[in-house]
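Numbering (this note's numbering), first residue to last: 135 to 330.
Reviewing the structure listed below.
Dropping the structure here:
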């Protein structure tokens with residue numbers, strides 16, 4: 135009963151949602167500056183929540199995490215409202231300690247390196263607190279469609295005995311694929327022997 139369809143120029147008037155997924159403007163109105171009410175909150179709030187949910191799904195952790203979790207509203211607000219562009223996660227590892235910022239998914243993320251790179255672009259543009267930089271829904275759906283159009287190519291490197299998956303665009307050339315192999319293995323294109 136809390137969902138409401140909004141057009142691009144409409145505004146939210148109620149403050150609901152999971153703390154860790156809330157857009158900075160909603161978080162501020164709900165927990166930091168309650169006297170002022172919700173103000174004008176756009177559909178960017180849903181895009182931010184989508185980014186936070188996506189990050190949580192692929193890592194098993196919420197993107198921004200104060201040491202005491204959701205109890206520390208001020209640190210949480212500082213994290214989500216004052217992070218620099220490109221940062222997709224922040225964690226406070228000790229009480230009152232500094233925040234460890236990250237522009238990448240953690241190494242524990244079990245997605246392939248190539249897929250992680252594709253997904254990071256989406257997360258960077260959804261978890262953006264500057265309203266002039268956050269994507270629109272159209273941008274998100276275009277990026278999602280482009281990601282879904284990629285074909286997984288599974289390959290094995292005998293030199294390093296490692297298995298890889300690359301997500302290639304439909305019109306990727308052999309040269310582009312060799313660059314991908316070179317990036318993943320440090321084997322120069324001229325030294326590769328690719329068997330299909």
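For each residue, glycine too, the CB sits at the ideal point set by N, CA and C.
Which listed residue (the options) has its alpha carbon closest to that of residue i
i           : options            : result
residue 223 : 323, 312, 303, 155 : 155
residue 195 : 241, 166, 179, 232 : 241
residue 176 : 315, 207, 160, 208 : 160
residue 162 : 209, 235, 314, 191 : 209
residue 235 : 249, 251, 216      : 216
residue 297 : 315, 280, 281      : 315
Cα-Cα separation, residue i to residue j
i           : j           : result
residue 256 : residue 323 : 29 Å
residue 330 : residue 258 : 35 Å
residue 262 : residue 153 : 17 Å
residue 167 : residue 186 : 22 Å
residue 202 : residue 230 : 10 Å
residue 247 : residue 183 : 24 Å
residue 135 : residue 309 : Reliability of the predicted coordinates at residue 135 is poor, the pLDDT of 42 falling under 50, and no value is obtained from them.
residue 190 : residue 244 : 13 Å
Nearest-angstrom beta carbon gap, residue j and residue i [assumed within contact, 8 Å]
i           : j           : result
residue 214 : residue 158 : 5 Å
residue 193 : residue 253 : Contact flag wrong, Cβ pair sits at about 10 Å.
residue 260 : residue 274 : 7 Å
Spell out a yes or no on whether the region 289-298 and the region 261-269 are touching, meaning 3 or more CB-CB pairs, one atom from each, closer than 8 Å.
no
Three or more C-beta pairs below 8 Å linking the region 296-306 and the region 206-224: Cβ pair count under 8 Å is below three, so no.
_Suppose only complete runs of 4+ residues qualify. What are the alpha helix (DSSP H) ranges in the region 179-224, listed by chain order?_
207-216
>> As an exercise, report each continuous alpha helix (DSSP H) stretch of at least 4 residues that is fully enclosed by the region 235-300, in chain order.
In response: 247-260, 271-283
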